[in-house]
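A.B. asks:
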Amino acid sequence: MRFRPEQHLRRPGDFRAVRESGRRLDCGAFTLWHFSRDPAAVPAALPRVGVVASIASVGAAVQRNRAKRRLREVFRQHQDLVPAGSDLLLVARAAVNRLAYPALVQKFTAACRQLPRPPHA
RNA sequence: UUGGGGCCUGGUCGUUGCUCCGAGUUCUUUGAUCCCAAGGCGCGGGUAACGCCGCGCCCGAUAACCUCGGAGAGGAAAGUCCGGACACCAUAGGGCAGGAUGCUGCGCCAGCUGCAAGGCGAGCGCAGGCACCGCGUUUCAAGGCGCGGCGACGGAGAGUGUCACAGAGAAUAUACCGCCCCGCGGGCAACCGCGGGGUAAGGGUGAAAAGGUGGGGUAAGAGCCCACCGCGCCAACGGCGACGUUGGCGGCAGGAAAAACCCCGUCUGGUGCAAGGCAAAAUAGGCGGCUGGGCGGCCCGUCCGAUAGCCGCGGGUAUGCCGCACCCUGCCGGCGCCCGGCGCAAGCCGGGCGACGGCGCGGCAGGCCCAUCGCAAGGUGGGCCUGAGAGAAAUGACGACCGAAGCGCCGCAAGGCGUGGAACAGAAUCCGGCUUACCGGCCCCAAAGCU
RNA sequence: UGCCCGAUGGUGUAAUGGUAGCACAAACGACUCUGACUCGUUUUGUCUAGGUUCGACUCCUAGUCGGGCAG
568 MRFRPEQHLR RPGDFRAVRE SGRRLDCGAF TLWHFSRDPA AVPAALPRVG VVASIASVGA
628 AVQRNRAKRR LREVFRQHQD LVPAGSDLLL VARAAVNRLA YPALVQKFTA ACRQLPRPPH
688 A
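Plus 567 on top of the position in the first sequence (first one is 1) and you've got the working numbering.
This is the structure we're talking about:
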């Protein structure tokens, strides 16, 4: 399953919308924010994601890059669990690089099951 | 084993992703009308000038999806400590201020400058000079010689300032104790006390006490005198030079610190890719751009300086400013929009959108050479070299095998088995240097030990 | 990415190159029946490592940490 460039959150406005209007789920090694865009405006849109890894919580550049790569890979392989038209924001902590990859996947899928389904069913 | 130098930064394979590029496939318009080609050259014409006009030639674009193919982090990519390229602004020249730098010779180095010779250059290397430190040797000692180490190594006979505390005295040196002489008094005497004077050899203080050692000399002492050494000046000689050697003169003028101010020599505009430039479409307004001429003032820039030491130069007068918002003349045009405040208006002031776009930006590329077409710009073909190019920021995830250090067990040892699973660290305009971080491996040189 | 600053007890701040002070805080004691106020005493420091100097918070070099500016 691909992870396309237009699935990246890039604009500061998009990030602000997720942080101000979205729901927050604590997943231990990272924090997942979820925000459903208006389905009438963008019908059947692919889910988008933004990844944040700060120097204070994760570490130097090598650790930050590695944390963002692993979280992006988790999202790429399991994005079918995310409802269409959703914007996700993954905020990494230092534990992202310490956990084994299957444990990271398990945390992500568990969080996705708590996400609300779109109303059209 | 130790020291120095250089090189490399786990390997192979599979599945599946990411970024960029090429090829294929599909659609449309051509190079000013949402974005995605605001092309180039030659000739002619025109203008104050231009992106102007005409003709001709050359060159050229094409998204997304999908398929195939190719490429994809470092020695430090880091720190941002230096130098440069590049870009913009400024710039006649000279000087001042500021900054950097500092033994000599030669070589190298990203590059810069010059017609050339040559010069500059962050730094690096080699050889040498001098100073200091350690060891050895020699000497009574100072010192000399040899070996090794080390040095941000111009000037403290240009000037200003500083040298706390301690100590009698700290840069025009100094008399506390002590030593010596004289006078007076006491005492049989040794000597003691008081007063006057001489003295820098000794003690003590200090980081540092104003040449050192030895001898002479003296009441005691002192470069007071002598020898050697040190220091300063002069001369000769040697050396490309730093500097050295020798001789003469001077009885000594001389302390430390310039990583205090400073002086001398040399170099030196400012800013920093968030530089900079592009993104044009009528409410036909002096709205925008460009440009010529002119008056007085004012203002700004030029690191400072024009209100000046001197000669200025450039610009603004919409964006920063006076005379009521300089004036006059002209050319071209496709020249974005919104909000708020002041104001009759002209206009002025403040803020925002466009604008988290795209270029700069690195192989749809560049350099060199050859052939060929063309007046030229350029095109085509061949050879060699260079080989990441994102933009909330790519180089990953998983699996299999091999696997270094370390740890455990076995073995006299060589080694074997098991466990373990790889340091520091992620390009952001580019290049050169420096510094810092760091697991291990390979190679070379030197020394010592063992075989 | 580029540029520019700073670092002194727990906190805020002083110190021509010459003994590191001050205020608040903290601890202890006194005053009080107790607490507060007040008074007294004490503890705690020059970001790190080298260098220059007789001597470094100060000067120089390298690093660490923190902050600011430029869209």
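C-beta atoms are modelled at their ideal positions from N, C-alpha and C, and glycine is treated no differently.
#1: In the segment 572-657, which residue ranges form an unbroken alpha helix (DSSP H) of at least 4 residues, counting only runs that do not cross its ends?
#2: Buried or exposed for residue 646, please, with buried defined as at least 16 other CB atoms from any protein chain shown within 10 angstroms of its CB.
#3: Check residue 678 in the structure and name its three-state DSSP category.
#4: Use the C-beta contact count for residue 574: other C-beta atoms within 10 angstroms, 16 or more gives buried, fewer gives exposed.
C.D. replies: Working from what's here:
#1: Segments of the alpha helix (DSSP H) lying fully in the segment 572-657: 579-588 and 628-644.
#2: Start at 1 with the first residue of the first sequence, and residue 646 comes out as number 79. Buried, since its Cβ has 16 or more Cβ neighbours within 10 Å.
#3: Walking along the first sequence from the start, residue 678 turns up at place 111. Reduced to three states, the DSSP call for residue 678 is helix.
#4: Residue mapping note: residue 574 aligns to position 7 of the first sequence, counting from 1. The residue is buried, with at least 16 neighbouring Cβ atoms inside 10 Å.
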